[in-house]
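>
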Amino acid sequence: MSNPLARHRYGEHAAVLPPAVDTTVTTVPGGDVPDEIRLALYRRLEELRQFEKRAYDLFMQQLVKGTSHLSLGMEAISAGFGAAMRADDYTLATYRGHAHTLSRGVPMTPVLAELLGRGNGLMAGKGGSMHLTSIEHGVLGCYAIIGAHLCVANGAAWSAKIRKSGQVTVCFFGDGTTNIGAFHEALNYAAVFSLPVVFVCENNGYMEYTPIGDITAVPRPAADRAAAYGLEPICVDGNDVDVMYQTARAALQHAREGGGPVLVEAITYRHGGHSRADPGKYRSSAEVAAWMDYDPLTIYRRRLLQLGIPDDELDRIRDAVRANVDLATEEAKAGPLPDLSSAMTDLWADGGSEWRN
Amino acid sequence: MSNPLARHRYGEHAAVLPPAVDTTVTTVPGGDVPDEIRLALYRRLEELRQFEKRAYDLFMQQLVKGTSHLSLGMEAISAGFGAAMRADDYTLATYRGHAHTLSRGVPMTPVLAELLGRGNGLMAGKGGSMHLTSIEHGVLGCYAIIGAHLCVANGAAWSAKIRKSGQVTVCFFGDGTTNIGAFHEALNYAAVFSLPVVFVCENNGYMEYTPIGDITAVPRPAADRAAAYGLEPICVDGNDVDVMYQTARAALQHAREGGGPVLVEAITYRHGGHSRADPGKYRSSAEVAAWMDYDPLTIYRRRLLQLGIPDDELDRIRDAVRANVDLATEEAKAGPLPDLSSAMTDLWADGGSEWRN
Amino acid sequence: MAQLTYREAVARGIAQEMRRDERVVLVGEDVAGAGGVFKTTAGLLEEFGHDRVVDTPIAEQAILGAAMGAAMTGLRPIAEIMFSDFFAVCWDIVVNEIAKMRYMTNGQVTMPLVIKSGNGGGLRMGAQHSQAVENWAMAVPGLKVVTPSTPEDVVGLMAAAVRSDDPVLFFEHKGLYALKGEVPDGEIVHELGKARIRRPGRDATVVALGLMVGRTLAAADMLAQEGIDVEVIDVQSLVPLDTQTILGSISRTSRLFTVEENPRLLGWGAEIVSIAAEECFWDLDMPCRRITTPHIPLPSADSLEDSVLPSVDRIVQEIRKGVNT
Amino acid sequence: MAQLTYREAVARGIAQEMRRDERVVLVGEDVAGAGGVFKTTAGLLEEFGHDRVVDTPIAEQAILGAAMGAAMTGLRPIAEIMFSDFFAVCWDIVVNEIAKMRYMTNGQVTMPLVIKSGNGGGLRMGAQHSQAVENWAMAVPGLKVVTPSTPEDVVGLMAAAVRSDDPVLFFEHKGLYALKGEVPDGEIVHELGKARIRRPGRDATVVALGLMVGRTLAAADMLAQEGIDVEVIDVQSLVPLDTQTILGSISRTSRLFTVEENPRLLGWGAEIVSIAAEECFWDLDMPCRRITTPHIPLPSADSLEDSVLPSVDRIVQEIRKGVNT
Ligand SMILES: Cc1ncc(C[n+]2csc(CCOP(=O)(O)OP(=O)(O)O)c2C)c(N)n1
Ligand SMILES: Cc1ncc(C[n+]2csc(CCOP(=O)(O)OP(=O)(O)O)c2C)c(N)n1
Ligand SMILES: [Mg+2]
Ligand SMILES: [Mg+2]
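Protein chains in written order, with my numbering: chain X, 251 to 607; chain G, 251 to 607; chain V, 82 to 406; chain L, 82 to 406.
1) Cβ closer than 8 Å: which chain L residues qualify as neighbours of L587 of chain X?
2) Look at the Cβ atom of L547 of chain G, then the Cβ atom of R368 of chain G, and state whether they are nearer than 8 Å.
3) On the three-pair Cβ rule with 8 Å, is the stretch 364-379 of chain X touching the stretch 379-394 of chain L?
4) Can you tell me whether E515 of chain G is helix, strand or coil according to DSSP?
5) Along chain G, which residues have their Cβ under 7 Å away from the Cβ of D247 of chain L?
6) Hey, is G424 of chain X close to ligand 3, as in C-beta under 7 Å from one of its heavy atoms?
7) Can you pull out the residues from the stretch 147-164 of chain V whose beta carbon lies closer than 9 Å to at least one beta carbon of chain X?
8) Using DSSP with H/G/I as helix, E/B as strand and the rest coil, what is V575 of chain G?
9) At which residues does the alpha helix (DSSP H) containing G332 of chain G begin and terminate?
10) Quick one: any contact between the stretch 333-341 of chain X and the stretch 548-566 of chain X, if contact means 3 or more CB pairs under 8 Å?
11) Should R346 of chain G be labelled buried (16 or more other beta-carbon atoms within 10 Å of its own) or exposed?
12) How big is the Cα-Cα spacing for L370 of chain V and G188 of chain L?
13) When DSSP builds the beta bridges, which residues end up paired with Y456 of chain X?
14) Kindly indicate the opening and closing residues of the beta strand (DSSP E) around G405 of chain G.
15) Using 10 angstroms around the beta-carbon of M555 of chain G, count the other beta-carbons present and answer buried if the total reaches 16, otherwise exposed.
16) Given the structure, does M457 of chain G come close to ligand 4, in the sense that its CB is under 7 Å from one of the ligand's heavy atoms?
17) Can you pull out the residues from the stretch 387-409 of chain X whose beta carbon lies closer than 9 Å to at least one beta carbon of chain L?
18) Hey, is F167 of chain L close to ligand 1, as in C-beta under 7 Å from one of its heavy atoms?
19) Does the CB of Q306 of chain L have a neighbour CB from chain G at under 8 Å?
20) Report yes if the C-beta of N454 of chain X is less than 7 Å from at least one heavy atom of ligand 3; otherwise report no.
21) When we look at the beta-carbon of A337 of chain G and count the other beta-carbons within 10 Å, is it buried (16 or more) or exposed?
22) Quick one: what does DSSP say F443 of chain X is sitting in, helix, strand or coil?
23) Could you check what DSSP says for D307 of chain X in three-state terms: helix, strand or coil?
24) If contact is defined by three or more beta carbon pairs under 8 Å, each pair taking one atom from either stretch, is the stretch 395-404 of chain V in contact with the stretch 100-114 of chain L?
25) Shorter than 7 Å, the distance from the beta carbon of G237 of chain V to the closest heavy atom of ligand 1, or not?
26) Can you check whether the CB of V361 of chain X is closer than 8 Å to the CB of L246 of chain X?
27) Identify, in the order they occur along the chain, each residue of the same chain with its Cβ nearer than 6 Å to the Cβ of M494 of chain G, setting aside the five sequence neighbours on each side.
28) So the candidates are X:T518, X:T595, X:T460, X:L313; which of them puts its Cα closest to the Cα of W541 of chain X?
29) Applying a beta-carbon distance threshold of less than 8 Å, which residues of chain L neighbour N200 of chain V?
30) What residues in the stretch 459-475 of chain X bring their beta carbon closer than 8 Å to a beta carbon of chain G?
31) On the DSSP letters alone, give me the boundaries of the beta strand (DSSP E) that R279 of chain L sits inside.
32) Is the closest heavy atom of ligand 1 to the C-beta of H263 of chain X under 7 Å?
33) Can you name, in chain order, every residue of its own chain whose Cβ lies under 8 Å from the Cβ of E537 of chain X, other than the five neighbours on each side?
34) Would the stretch 463-479 of chain G count as touching the stretch 457-468 of chain X if we require 3 or more Cβ pairs under 8 Å?
35) Within 8 Å of any Cβ in chain G, is that where the Cβ of I196 of chain L sits?
36) Taking Cβ-Cβ distances shorter than 9 Å, what residues in chain G pair up with I430 of chain X?
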């Protein structure tokens with residue numbers, strides 16, 4: 251962690267280092283993960299990685315319009331949670347939510363088609379990259395204004411509690427989000443009503459172009475605030491998918507069993523810029539290099555090989571994923587433009603948008 | 251402190267006990283206060299007490315319209331701060347701000363006249379009881395919507411810092427206010443920019459009609475959150491005006507010398523209901539009685555007598571204050587109604603309210 | 082048939098719906114134990130218990146976020162924002178989340194929730210506790226907006242709001258809480274989106290809302306004595322808007338006035354006047370007129386507040402002047 | 082005379098004022114080191130240093146609170162709210178505090194601050210990053226509201242906003258950031274509250290704002306070829322509103338259109354149409370018409386977004402239809 255509030259010239263802050271180097275991160279033991287889950291985790295990491303790279307390429311071809319925020323380098327967090335969640339659990343994520351959506355099993359084609367603004371998009375082109383939602387898969391939405399969705403997550407958790415459904419709500423957000431008011435309201439509220447919700451702070455070290463340490467009063471933006479809500483501080487290695495899977499299992503179990511909310515801080519890094527407009531030049535090349543070495547996919551593949559999983563089995567998975575991404579790309583590109591009349595539908599529950607008689 | 255989040259029937263929560271009984275409160279030594287300051291503190295307590303009682307009587311006579319929130323029982327906090335502040339320091343308070351305004355030396359007549367909606371009111375009847383402001387005395391306003399003024403306080407502190415004026419901003423608010431988003435934003439912001447601001451949480455145990463412990467995840471709503479902003483937890487006896495004076499001095503000095511923000515939690519109690527509509531029936535009579543015994547004025551007068559200050563000197567002060575309150579009442583009642591044309595003035599800096607040419 | 086206050090009618094309307102549908106829950110600051118700071122939810126905790134009637138921290142974003150998330154997952158929450166001025170602290174959840182969610186998700190989500198709030202001036206509460214902000218909500222696509230003016234309408238519109246699968250902002254006028262009125266026994270459910278002609282008349286159409294309905298009716302009585310016979314429409318529902326009733330009335334009277342409590346610029350009356358100027362221009366015999374509070378915050382002193390809110394006298398004068406030009 | 086983009090003009094206007102008056106400070110998310118996410122503040126940190134150009138946490142209430150408190154105590158802050166949609170997370174500070182403070186204190190306080198914000202649609206950013214919300218601000222007494230449409234106006238109106246002793250909401254249209262235009266050398270200061278006739282014409286008055294000004298001018302050119310000669314007014318400043326210029330134009334043309342990007346209900350055009358329907362009714366020859374986005378959130382797909390924002394074609398069609406009725 252860079253030293254919070256240290257004063258420095260822009261771009262010359264202390265490097266944000268990977269967990270292996272940073273001793274403030276508790277590394278939950280990642281052992282004990284069954285092999286078939288490990289393979290599923292690996293597949294998911296490949297999917298997220300390859301999907302985001304494809305999304306990037308499609309931007310470059312001007313096929314994705316507007317803006318978009320990729321999870322390259324941060325895939326282990328949503329992958330670990332996705333694997334640990336029950337099919338009917340709820341996910342809420344941010345504008346940086348492709349990975350979180352896919353991690354719940356939403357197919358790639360509608361997601362990619364949504365990015366391309368096509369009629370076969372997940373929301374038929376009405377939401378876009380920042381608002382992926384698939385109620386069918388428990389994805390209650392991606393939210394583009396910082397803070398709100400932590401409060402919304404409480405509502406889903408409240409309803410599950412009233413309905414006694416046993417569902418847990420998982421809410422992902424970034425380090426920068428811990429400084430907005432809604433974070434505080436949501437955490438206190440969840441604790442007061444002992445709601446079954448897991449808040450997951452993906453600490454990638456930056457709020458857009460500003461190092462999180464520069465604008466946060468404590469070194470660990472989420473974990474160091476846990477006590478303010480009577481919660482345990484949990485800070486884990488967000489690039490180790492085994493750690494994330496185990497962390498997710500423990501957190502989900504705690505919440506599901508009536509233990510109330512959990513706040514997890516997962517340390518990670520984004521490989522690229524904040525959004526497609528950003529080359530990420532405010533980060534030193536040494537810092538970027540250190541994290542590229544600590545890439546979740548690289549370290550996981552290395553681990554699986556060490557555990558005796560054959561190279562070509564992993565290759566097969568990777569190639570199968572590639573075929574899927576290619577197919578999804580074709581299907582998305584081949585998608586029709588949305589029917590223009592759809593712009594006027596589904597404002598209201600009656601399917602229309604009439605405000606008068 | 252009542253046990254946070256304990257579930258109980260409405261009105262049957264554990265009693266909120268005075269600091270003398272509650273061991274979680276750090277009692278800053280109140281010694282070492284010079285006699286003339288002690289007498290000034292006593293006078294101020296009498297003023298605040300008698301003023302608020304008069305305001306209450308005037309409600310009862312239907313002369314004060316709208317709503318109003320009294321500080322009866324809570325006077326030691328603003329009195330202690332008022333005595334410790336530099337004349338050019340800034341105060342921001344809430345809808346419960348009569349005491350905080352008077353504690354900066356604002357005369358009683360315009361304050362009372364404002365409550366009565368008269369033309370000689372502090373804001374000529376345009377603000378009312380909840381918005382007392384006297385820039386001349388450093389009172390930057392009383393704010394009636396929870397949370398905002400903590401953010402505004404930062405701005406005054408920022409400006410003092412840029413202007414290198416050495417002024418400190420003191421911002422008063424209630425226990426219930428610690429759960430709203432703006433509290434969190436303001437505290438982090440103040441810490442990040444090391445602003446000369448003292449946040450004073452007047453913990454009177456209740457958010458309107460709800461015990462604070464029922465809707466807050468930690469027992470000490472402010473002190474237990476200090477660490478989330480890298481600040482020291484400070485929790486003091488808000489009914490002991492010597493303690494408050496010393497606490498204020500230390501906090502002001504820290505902020506003035508560039509040490510950054512301070513967050514003080516002062517434990518206190520309101521004798522009456524939240525506002526004039528509220529008889530305060532959700533509190534057990536034993537609880538109210540315990541606090542009536544631990545009344546700031548009673549304990550202070552007792553202390554002064556013990557310290558050898560003669561009874562009749564204190565009586566003289568009390569009577570002088572009474573004469574002032576009587577005079578202010580007369581002057582306020584005799585005040586003219588506001589000129590109706592004043593409703594259209596001073597929206598804009600040009601003195602008018604025209605929105606068109 | 083019972084005499085109920087407007088305030089009691091709020092609780093009755095909520096109770097009616099909570100009895101009918103156990104998915105209906107109520108959440109807000111001091112709504113449970115204390116029965117609401119305006120006592121509009123008195124008795125509900127006792128009848129429905131702590132699971133369904135919930136006191137919250139001061140955290141309006143958390144309250145509305147909770148209502149929204151619950152509405153998306155099977156409940157039908159009613160949330161209270163104590164004073165409508167406080168919508169400003171949670172406006173993001175209202176306008177960017179609740180209002181847009183169904184549209185953005187192409188209909189995957191429905192949002193059956195009600196936000197009730199004490200609204201309006203006249204109680205000497207000053208500029209931060211007196212605003213009438215229906216126009217803030219009307220400007221945002223995806224929100225339904227109602228303000229009842231009688232106890233019976235409170236019950237009927239509350240029921241309609243709770244049964245609506247769309248988010249409804251339910252504005253209760255604080256100045257009407259003590260108003261008494263007849264409320265029929267049994268279940269009452271009105272329809273959203275209907276204006277009511279409170280008084281038929283031939284000479285002018287006067288559209289009013291909330292507290293202004295009563296003042297306008299009083300003004301109409303006085304004008305009648307001068308031979309000016311105005312039709313008073315209680316618009317009640319700004320979204321959906323009953324343009325048929327309003328335009329129909331104008332086509333008969335040829336004259337349009339609106340009586341609004343909010344500050345002048347972009348009050349809801351501006352929409353009604355604009356619709357008239359576009360759609361029944363040829364019916365209009367004379368300029369439209371909006372009778373509003375001037376474009377200022379509300380002052381707190383009683384004399385000042387009374388001088389700026391539209392009064393019966395001012396309504397009479399402006400209509401008389403308008404009709405006689 | 083230099084060719085500047087609208088985006089560069091923002092930085093130039095701010096720099097002009099920061100050089101002149103050291104009380105002017107700038108605060109917002111990523112405004113310093115990064116020069117703003119839209120690069121509208123590039124170079125200011127380098128010239129004015131960290132004391133006067135400040136990067137903040139994501140905490141819009143804290144940002145505007147800081148600006149407000151500083152304005153009350155001797156500074157003249159400019160605060161950035163990155164996207165105007167985010168006003169909803171800090172609306173309380175804007176409408177209940179900044180706007181009302183001077184009035185409530187009977188003039189004890191002045192509030193010389195500017196809030197600049199990226200506003201408007203057309204960039205495929207979806208419903209939460211595309212709104213045009215000038216009408217939200219216009220409805221609140223105590224706020225001045227401007228939206229420049231050319232680089233030169235950006236500089237001149239920014240200077241006027243900074244020099245104003247009242248709070249000004251300065252809306253920058255995101256869709257115009259890349260627009261280039263001539264900007265004279267030297268100090269530029271315009272006057273707040275002036276509309277500009279961008280194109281004189283006899284047949285109709287068409288009032289537009291921001292991105293819609295250019296589209297309306299393009300539409301006017303097309304209409305001219307059909308012999309319809311419209312006057313295009315860039316309203317620029319909604320508060321104060323230059324009703325003289327607008328009403329003067331209507332008195333010459335007898336026809337009023339507004340072209341608005343915001344959703345239909347209670348867009349700023351409703352105020353202008355209402356003023357016309359009240360004050361120059363007898364000048365009007367035909368119904369007024371508001372050309373707006375329908376009352377929906379903005380969809381994100383390019384084809385959908387283009388279909389709902391007023392386009393040059395739609396403006397042409399509606400004016401043609403209006404003028405020919
Ligand atoms: C209320 C609000 N303020 C500002 C923004 C602009 N914004 C979008 S993403 C972002 C940075 C968020 O940082 P963090 O929470 O760390 O998430 P990350 O992008 O790193 O995943 C900002 C400031 C916003 N969307 N909403
Ligand atoms: C944003 C907002 N929500 C709700 C209220 C209504 N309200 C006024 S005072 C109050 C309780 C405040 O409690 P606390 O902060 O403990 O202060 P106290 O009144 O006890 O001094 C509430 C909920 C408000 N004014 N503003
Ligand atoms: Mg981040
Ligand atoms: Mg309290």
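A virtual CB, placed ideally from N, CA and C, is assigned to each residue, including glycine.
Walking through what the data contain:
1) Identification of chain L residues near L587 of chain X by a Cβ-Cβ cut-off of 8 Å yields A382, S384, ordered along the chain.
2) In this structure, R368 of chain G does not lie closer than 8 Å to L547 of chain G by Cβ.
3) With contact defined as three or more Cβ pairs closer than 8 Å, the stretch 364-379 of chain X and the stretch 379-394 of chain L are in contact.
4) The answer is strand: DSSP assigns E515 of chain G an E or B state.
5) Listed along the chain, the chain G residues whose CB falls inside 7 Å of the CB of D247 of chain L are W598, A599.
6) Relative to ligand 3, G424 of chain X has its C-beta within less than 7 Å of a heavy atom.
7) Result list: A147, A148, M149, G150, A151, A152, M153, T154, G155, L156, P158.
8) V575 of chain G falls in the helix class under three-state DSSP.
9) For G332 of chain G, the enclosing alpha helix (DSSP H) starts and ends at 325-334.
10) At 8 Å Cβ cutoff, the stretches do not touch.
11) Buried, since its Cβ has 16 or more Cβ neighbours within 10 Å.
12) A small fix is needed here, since residue 370 of chain V is Arg in this sequence, not Leu. In this model, R370 of chain V and G188 of chain L are separated by some 31 Å (Cα to Cα).
13) When beta bridges are read from the DSSP output, Y456 of chain X appears opposite X:P461.
14) Here G405 of chain G belongs to no beta strand (DSSP E); instead the alpha helix (DSSP H) covers 398-413.
15) It should be noted that the sequence gives Leu, not Met, for residue 555 of chain G. Residue environment for L555 of chain G: exposed (fewer than 16 other C-beta atoms within 10 angstroms of its C-beta).
16) With a cut-off of 7 Å, the C-beta of M457 of chain G is classified as near ligand 4, since at least one heavy atom of the ligand falls inside that distance.
17) Under the 9 Å Cβ criterion, the stretch 387-409 of chain X contributes Y393, A394, I395, I396, G397, A398.
18) At least one heavy atom of ligand 1 lies closer than 7 Å to the C-beta of F167 of chain L.
19) The C-beta of Q306 of chain L comes no closer than 8 Å to any C-beta of chain G.
20) Yes; taking the cut-off as 7 Å, the Cβ of N454 of chain X has a heavy atom of ligand 3 nearer than that.
21) By the 10 Å Cβ count, A337 of chain G comes out exposed.
22) Here F443 of chain X sits in coil by DSSP.
23) Here D307 of chain X sits in helix by DSSP.
24) Contact between the stretch 100-114 of chain L and the stretch 395-404 of chain V is absent, because fewer than three Cβ pairs lie under 8 Å.
25) No, Cβ of G237 of chain V sits at least 7 Å from all heavy atoms of ligand 1.
26) Residue 246 of chain X lies beyond the residue range present for chain X, which begins at 251 and ends at 607; the question has no answer from this structure.
27) A326, I327, G330, listed in sequence order.
28) In terms of CA proximity to W541 of chain X, X:T518 leads the group X:T518, X:T595, X:T460, X:L313.
29) Per Cβ cutoff of 8 Å: no residues; N200 of chain V is ~14 Å from chain L at best.
30) Correct list: D464, I465, T466, A467, V468, D474, R475.
31) Taken as a continuous stretch (DSSP letters only), the beta strand (DSSP E) holding R279 of chain L covers 277-280.
32) The answer is no for H263 of chain X.
33) A265, V266, L267, listed in sequence order.
34) Touching, yes, given that three or more Cβ pairs across the two stretches are closer than 8 Å.
35) No, because no Cβ of chain G sits closer than 8 Å to the Cβ of I196 of chain L.
36) Chain G residues near I430 of chain X: G431, H434, E435.
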